[in-house]
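**Student:** Here's a structure for you.
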Amino acid sequence: MKNFISISVLYCLVITVVGQQEVTTNEDTIYQTRALELHNEYRGKHGATPLTVKEDLNKRAKQCAEYYLSKMVFDMSCPFKTSSGENLYAMSGSGGRNSSVMNVNSVTQRAVESWYIKSSTYDFATKKLQPKAGQFTQMVWKGTREFGFGVALGNGVAVAIGLYSPPGNVVGHFNENVGSLI
Numbered sequence: 000m001k002n003f004i005s006i007s008v009l010y011c012l013v014i015t016v017v018g019q020q021e022v023t024t025n026e027d028t029i030y031q032t033r034a035l036e037l038h039n040e041y042r043g044k045h046g047a048t049p050l051t052v053k054e055d056l057n058k059r060a061k062q063c064a065e066y067y068l069s070k071m072v073f074d075m076s077c078p079f080k081t082s083s084g085e086n087l088y089a090m091s092g093s094g095g096r097n098s099s100v101m102n103v104n105s106v107t108q109r110a111v112e113s114w115y116i117k118s119s120t121y122d123f124a125t126k127k128l129q130p131k132a133g134q135f136t137q138m139v140w141k142g143t144r145e146f147g148f149g150v151a152l153g154n155g156v157a158v159a160i161g162l163y164s165p166p167g168n169v170v171g172h173f174n175e176n177v178g179s180l181i
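For the record, in the sequence shown the residue sitting at position 139 is 138 according to numbering that gives the first Met the number 0, with numbers rising by one throughout.
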């Protein structure tokens, strides 16, 4: 019986789809928790309250990541995001699934950091929509309360998606929703 259980667990943890690597549920929870922690750390620096995870947003974010990976076009057209705000990150690199470049944990870290670094392109004096800063402003948008995150890996490409509800980047509402660094 012990051998049967070990084999069953191994089978559940090692799932491979042709050309695409499917991430396990336990692994999803780990990187999604890390994405939430990073978001809340950065939001705190701008006076925004912490986000909470919404499992439906996590599921849809992962579906969006898989959608973009299968399309290989990163155009913010994911049909699964519905009315959520969306941040998208894609990278290509060498190495297998467990390399330091292409694993869900490093992709999560790189994605969230790349979105936050866009704060350097935001003009806090005018507090207006600036296309190059949109990922940053969505991250710290004070009116956003819920968050979901998904990653898909395959063929040397990684895609990470953040979904936000309610969405941010609403024209005319930047002043009250994007705080300066405190």
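Every residue gets a Cβ at the ideal spot worked out from N, C-alpha and C, and that includes glycine.
(1) Go ahead and pull the three-state DSSP assignment for residue 157.
(2) Can you grab the Cα-Cα spacing for the pair residue 77 / residue 117, in whole Å?
(3) To the nearest whole angstrom, what separates the beta carbons of residue 143 and residue 50, a pair I think is in contact under 8 Å?
(4) Can residue 31 and residue 148 be called in contact, C-beta distance under 7 Å?
(5) For residue 91 and residue 151, I'd like the C-alpha separation in whole angstroms.
(6) Hey, could you find the ends of the alpha helix (DSSP H) residue 174 is sitting in?
(7) Using a Cβ-Cβ cutoff of less than 6 Å, which residues in the same chain neighbour residue 161 once the five nearest sequence positions on both sides are dropped?
(8) With distances taken between CB atoms, is the gap from residue 75 to residue 114 smaller than 7 Å?
(9) Give the list of continuous alpha helix (DSSP H) stretches no shorter than 4 residues that lie fully inside the stretch 76 to 149.
(10) Check the C-beta distance from residue 33 over to residue 107 and give it rounded, since I have them as a contact under 8 Å.
(11) Using CA atoms only, rank isn't needed, just tell me which of 26, 83 and 40 is closest to residue 165.
(12) Once the 5 residues before and after residue 131 are set aside, which same chain residues still bring their CB inside 6 Å of it?
**Tutor:** If we stick to the structure as given:
(1) strand
(2) 22 Å
(3) 7 Å
(4) yes
(5) 12 Å
(6) 173 to 176
(7) 86 and 148
(8) no
(9) 103 to 115 and 133 to 139
(10) 5 Å
(11) 83
(12) 120
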